[in-house]
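First to last, the protein sequences are chains C and H.
The opening position of the first sequence corresponds to residue 199 in the working numbering, with each subsequent residue numbered one higher.
The opening position of the second sequence corresponds to residue 854 in the working numbering, with each subsequent residue numbered one higher.
Reviewing the structure listed below.
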Amino acid sequence: MRSLDEILSYTKDLAFDLNFKEAKKWKAENKGRVLVGYLPIYFPREIVHAMDGLGVGIMGAGDRKQIIKGDAYYQSYICHLPRGIMEMALDPNLEDFDGFIFPAICDCVRNLSGMFKLIKKGKFQRYFDYPQNFDAFIGGEFYRQELYKIIEDIKKINGANLTDQKLNIAITLYNKNRRMIEEIYNIRQQYPWRLSAVETYHIVRAGLSTTVENHNHILEEVLVHINEERGEPMDNIRVVISGSFCEQPPIGLIKSIEMAGCYIVDDDFILGSRWFESDVDENTEDPLGALVEAFLTKSTFASCVSDLGNPKGKRLVELVKRRNADGVIFSAASFCDPALLDRPELQKECEAAGIPHINFQYHENTGQFKVIKEQAGTFSDSIKLWA
Amino acid sequence: MYEIKSSSLLRSVMKDYFTGLGLAPKVAWCTSVGPAELLRSFGFEIYFPENHGALLGATRQAGEFIPATINLGYAGDICSYLTGDIGAYLNKKTPLTQHYGLAGIPKPDLIVYNTNQCREVQDWFNFYAKEFNCPIIGIFPPRHIEEITDAEIKDVSAQFKAMIPACEKSSGQKFDIDKFRKTIKLSREATDLWKKVLATAKASPAPIGFFDSSIHMGPIVVLRGTEIAKEYYRILLNELELNVSAKIGIVKEENTRIYWDGMPIWGKLRSLSDLFVQNNSSVVASTYCNSWIFDSFDPEDPFDSSAKAYTEIFINRSENAKMKLLKQMADDFRVDGMIFHDAKTCFNNSNARFGLPLRFYKKYNIPVMVIEGDLCDLRFYSEGQSITKIETFIEQLESLKVTNE
């Protein structure tokens, strides 16, 4: 078994390999394999896996790529994520990808799918709509049709047939993946000093660029390590981060929050990998239906999903209580309509529940964290002194 | 000075509509391209918060109210209809009081939104559902459509049908398919007339332009499915057709014809209208006003046809589909140039952000210009800079015409 330092070094590189070398190497090993890139937040990678493919999460270029061509495509007033992704699309970063999926979250991503179509990047560019109606016969049926489109897209490339057996195997693997990520969060809830938020972020994000089998192996090893005592407890408050589900915060920002005295005990950074609150049904005769049913009934709360009948604010408050957190940091990307639209209602629920909160905005390439550190530090101090 | 005489009738129609809202036994709130016909078939009078947002913009009151919404936690970057409207509510003020004598906005018995235009309406309408403890229904059509499919129509149609129990409960009336057919029929007739009204601007000089249409579209937004809207557009069309015959239009000598894409800058309609007239230019067509043309309404198939009509709207289409639709409009209205309004707080209705204007110019060789502004928040609109840009653009179009002749 590798040491934790070895794993952390590996996942740090893997998480931010904007050339996706490992995924491309996996594809090159066998003819017929496909690489399907998908954007935040959630996409059922099980389907790609069952069709001899790898679903690769494209979370943006962050602060690791200079944006030159990407900026030329856009006016101001939009978030940074599509600029970086366009830069990657126009550079060789996304070569060897067979198709791209743009899950519905906002109009920015919607239009980005149009841009990929226009530049003819990949063999297919699919805007992927989530159902917002949770009636199995309406939203469920619609979602199934959306999944069929992707199945057809992949089949046209490699001729793979989606069988129930293969899909059940994929569901089992991704269930295991989600369970282990959750277990890491559970351990961190109790012992947040054993694995920093940045380390956790690298470990989880690494799973977007490699096979689920490899990521499960990584998670198994991490769990062994963090079940042992590691690090030193600090006099920190415990916070939940909300609003960073799409354009990812720079690592410096996560680090700044922790250094300012806040253990991040839950977050929505790589929310797609933690999408379901319990397992998708395994070994059913209709595994595609199991994925549909899971989306309708087991999804976490997120800005891309309507919350009629199951308000996000109340679910955030439940999460804060479950994680025994002291407060919430609303951290949204600038111009992120979904996060900024949700925020007032979430704040209102936090206030009603007596949960302290602060908020700020960032870009994925923000380089100055002093103000954020001071804000988070003051938040931490105020809770420690007066809460 | 050119004047559309039907404007006085329009004022009376709108006054009756708003006064009626204050007296209505049952009021439903609906998004402006939401399933108004279905609601009307249950006897609801319908209030449209977006219309209220536009009123706040046109009366330049939005700027006074937006800070209250920001204070509540909303960001200044999001829809200024939302921030203006919620701010007015928080301040307990509305232009409906001054203009139509209403004590306030009408209390909803049911709230319905359709995210075919944007997701913002979901948050906006849910705010009020909580405030008024009112039942709310969301319609979520597929977005970014290239060509609409049967599966997509069925999905939306099923969502419309699923509204019925809540409508019955709130209205106290049973669903009546014949009433629904009738409202769809009236809407279709009104929308056909509205289409003809806008089409009169194909003539030169155009008898109606974007800035006037933004006002005259009131009934097609708030009174779809009624005889009143139909009758109003019959009268307006008659007047405009007479003006076309008499060769009377917005300008005496129409040197350039321009297309406006994106939202109106509500607080600057008059000054912008004057600016184009002073430069002998007509803004003859727009994406915005055309958005209330629903060719698919069919009384024989009310659910599927209204599902199709409300899902295939321009704003809900893919980049490719939008390019084609814009080109068709440019050809139909013989435009010399296109203005794209990049509204800071309206991502969904700003088509300038992903390079569409440049692609349009490169592909079709029709000159384009982008102006930055906003629908209601005038802090994002620089008047002097915009005037200079528009005048320069018009001059360039005139020069091009001379060169090409």
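The beta-carbon is built from N, C-alpha and C at its ideal position, and this holds for glycine as well.
Assigned with DSSP and collapsed to three states, C971(H) falls in coil, not helix or strand.
Closer than 7 Å to the CB of P1117(H) there is not a single CB belonging to chain C. Beta-carbon to beta-carbon, P995(H) and D1003(H) are separated by about 12 Å, too far to satisfy the 8 Å threshold. If you check each beta-carbon in the region 1180 to 1207 of chain H against every beta-carbon of chain C, the ones closer than 7 Å belong to D1195, K1197, F1200, N1201, A1205, R1206, F1207.
A residue is called buried when at least 16 other Cβ atoms come within 10 angstroms of its Cβ; E1005(H) meets this threshold and is buried. By alpha-carbon distance to L1076(H), the top candidate from F901(H), Y855(H), I1224(H) is F901(H). Between Y1086(H) and L1051(H), the CB-CB gap reaches or exceeds 7 Å. Runs of the alpha helix (DSSP H) lying entirely within the region 395 to 428 of chain C, each at least 4 residues long, are 395 to 404, 410 to 424 in chain order.
In terms of Cβ geometry, L360(C) and I349(C) form a close pair [threshold 7 Å]. Leaving aside the five residues that flank D1151(H) on each side, the residues in its chain whose CB is nearer than 6 Å to its CB run, in chain order, S1158. Counting only Cβ-Cβ distances below 7 Å, A302(C) has contacts in chain H at R996, in chain order. Not a single CB atom of chain C sits nearer than 7 Å to the CB of L963(H). Under the DSSP definition of a beta bridge, N359(C) lacks any partner. The DSSP-derived three-state label of V234(C) is strand. Contact between the region 1245 to 1254 of chain H and the region 287 to 301 of chain C is absent, with fewer than three C-beta pairs closer than 8 Å. Only S504, L506, F533, D535 from the region 501 to 535 of chain C bring a Cβ to less than 7 Å from some Cβ of chain H. According to DSSP, L1122(H) shares a beta bridge with no other residue. Nearest CB-CB separation between E984(H) and chain C: not below the 7 Å threshold.
Comparing alpha-carbon positions, the option among G552(C), A500(C), K229(C) lying closest to Y328(C) turns out to be A500(C). Fully contained in the region 439 to 524 of chain C are the following beta strand (DSSP E) runs of length 3 or more, in chain order: 460 to 464. Fully contained in the region 284 to 371 of chain C are the following beta strand (DSSP E) runs of length 3 or more, in chain order: 297 to 301, 322 to 326. Restricted to the region 246 to 284 of chain C, the alpha helix (DSSP H) segments that are unbroken, complete and at least 4 residues in length are 267 to 270, listed in chain order. At a cut-off of 7 Å between beta-carbon atoms, L292(C) makes no contact with chain H. The Cβ neighbour count for S274(C), taken over all protein chains shown within 10 Å, is under 16; the residue is labelled exposed. Contact annotation for G991(H) against chain C: Q330, N331, S504, L506 [CB-CB distance below 9 Å, chain order]. When DSSP states are grouped into helix, strand and coil, R1110(H) belongs to the strand group. One alpha carbon belongs to D433(C), the other to S580(C), and they sit about 13 Å apart. Assignment of beta-bridge partners to G887(H) by DSSP yields no partner. Of all residues in the region 951 to 981 of chain H, those with a C-beta nearer than 9 Å to a C-beta of chain C are T968, C971, R972, E973, Q975, D976, W977, N979, F980, reading in chain order. By the neighbour-count definition (other C-beta atoms within 10 Å, threshold 16), W1113(H) is a buried residue. Chain H has a Cβ within less than 7 Å of the Cβ of L538(C). Contact between G906(H) and C1142(H) is absent: CB atoms are separated by about 17 Å, not below the 8 Å threshold. Closest by C-alpha distance to K960(H), out of K983(H), H952(H), V1136(H), is K983(H). Taking 7 Å as the threshold, the shortest C-beta distance from Y275(C) to chain H falls below it. Between S394(C) and F533(C), the alpha-carbon positions lie close to 28 Å from each other. Around the beta-carbon of F335(C), fewer than 16 other beta-carbon atoms lie within 10 Å, marking it exposed.
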